[in-house]
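Single-structure report; data block below.
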Amino acid sequence: MSENTPKINTNAPAPPGLEGEGFFATNLNNLIGMARSLSLWPLPFATSCCGIEFMATMGPNYDLARFGGERMSFSPRQADVLMVCGTISKKLGPILKEVYTQMAEPKWVIAVGACASSGGIFDSYSVLQGIDRVIPVDVYVPGCPPRPEQILEGFMQVQALAESESLRRRDLPQYKELLESFNIN
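Numbering (the working numbering), first residue to last: 88 to 272.
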């Protein structure tokens, strides 16, 4: 019998804030960040072999649902996380940019695999050498193709970003300059 049963520490300190019987107080930023990080809706944009590895993360062995990614969204207007898995051709670049602009704020992007991150082994005239040429990327997942564990780690990094991000960060001039550098209004 395996000893992988979870250990629950009942003597752990309460979260920062006003502790008491059955409640604690916190600020709105922390509460919304916690809610965002545990209810992210990914939009898979899978074009090749990395898409198959991403599909494995939804299976029972890896179970992306444990991390709040239960509901796959196939509409950009209802998605929080754009997961670009695989090779993106230069003809597909404007479509990817359009999908990104249709997503509501806040939104995050994960480049899954070597092809989405840097063009991979396809150093040719027709392949986009990294999706960061057309849209901003928050997390890069390396590998060709990356293991499902790596994709889960990338998703957890986006969760950490969502939890720690200020509610007003998207209104900052630096964020607007970043979008303008990609010609996104």
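We put the beta carbon where it would ideally sit given N, CA and C, even for glycine. Note that the coordinates shown come from a computational prediction; the quantities given were computed from them, not determined experimentally.
Look at the alpha carbon of F242 and the alpha carbon of A166, and state the distance between them as a whole number of angstroms.
Indexing the sequence shown from 1 puts residue 242 at position 155. Indexing the sequence shown from 1 puts residue 166 at position 79. Taking the straight line joining both Cα atoms gives about 14 Å.
Simplified DSSP assignment, three categories, for F269:
Locating residue 269 in the sequence shown gives position 182, where the first residue counts as 1. DSSP places F269 in coil when its eight states are reduced to three.
Let me check one thing: in DSSP terms, what residues is W128 bridge-paired to?
Position 41 of the sequence shown, counting from 1, holds the residue named residue 128. Answer by DSSP bridge pairing: none, since W128 is not bridged.
Note down the Cα distance separating S253 from W195, rounded to an integer number of angstroms.
Within the sequence shown, numbered from 1, the residue matching residue 253 stands at position 166. Within the sequence shown, numbered from 1, the residue matching residue 195 stands at position 108. In a straight line, the C-alpha of S253 is about 14 Å away from that of W195.
Keeping to the same chain, check which residues put their C-beta closer than 7 Å to that of L248; ignore five residues upstream and five downstream.
Position 161 of the sequence shown, counted from the first residue, corresponds to residue 248. Within the same chain, and ignoring the five residues on either side of L248 in sequence, the residues whose Cβ sits closer than 7 Å to its Cβ are W195 and D225.
Taking the DSSP output, what are the residues bridged to M121?
Position 34 of the sequence shown, counted from the first residue, corresponds to residue 121. Answer by DSSP bridge pairing: none, since M121 is not bridged.
Would you say R234 reaches chain D, if we count a Cβ-Cβ gap shorter than 9 Å as a contact?
Here chain D cannot be found, since the structure has a single protein chain.
With H, G and I counted as helix, E and B as strand and the rest as coil, what does DSSP make of T113?
Against the sequence shown, residue 113 aligns to sequence position 26. In the structure shown, T113 falls within a coil segment according to DSSP collapsed to helix, strand and coil.
Nearest neighbour of K177, chosen from T144, M121, I139 and C202 [CA to CA]:
Residue mapping note: residue 177 aligns to position 90 of the sequence shown, counting from 1. Of the candidates T144, M121, I139 and C202, the one whose C-alpha sits nearest the C-alpha of K177 is C202.
Beta-carbon proximity list for T174, same chain, < 7 Å, skipping 5 on both sides
Taking the first residue of the sequence shown as position 1, residue 174 is located at position 87. The residues are T134, S135, C202, G207, F209 and V214.
L169 lies in the beta strand (DSSP E); which residues open and close that run?
Counting from 1 along the sequence shown, the entry for residue 169 is found at position 82. For L169, the enclosing beta strand (DSSP E) covers residues V168 to C172.
How should F141 be labelled, buried or exposed, when 16 other C-beta atoms within 10 angstroms of its C-beta is the threshold for buried?
The sequence position of residue 141 within the sequence shown is 54, counting from 1. F141 is buried by the Cβ-count criterion.
What residues are listed by DSSP as bridge partners for I182?
Against the sequence shown, residue 182 aligns to sequence position 95. Bridge pairing for I182: absent [DSSP].
Exposed or buried, what is G146 when buried is set at 16 or more other beta-carbons lying within 10 Å of its beta-carbon?
Here residue 146 refers to the residue found at position 59 of the sequence shown. G146 should be labelled exposed.
Please list, in chain order, all residues of the same chain as R158 whose beta carbon is under 6 Å from its beta carbon, the five residues on each side excluded.
By one-based count along the sequence shown, residue 158 stands at place 71. Contacts found: W128.
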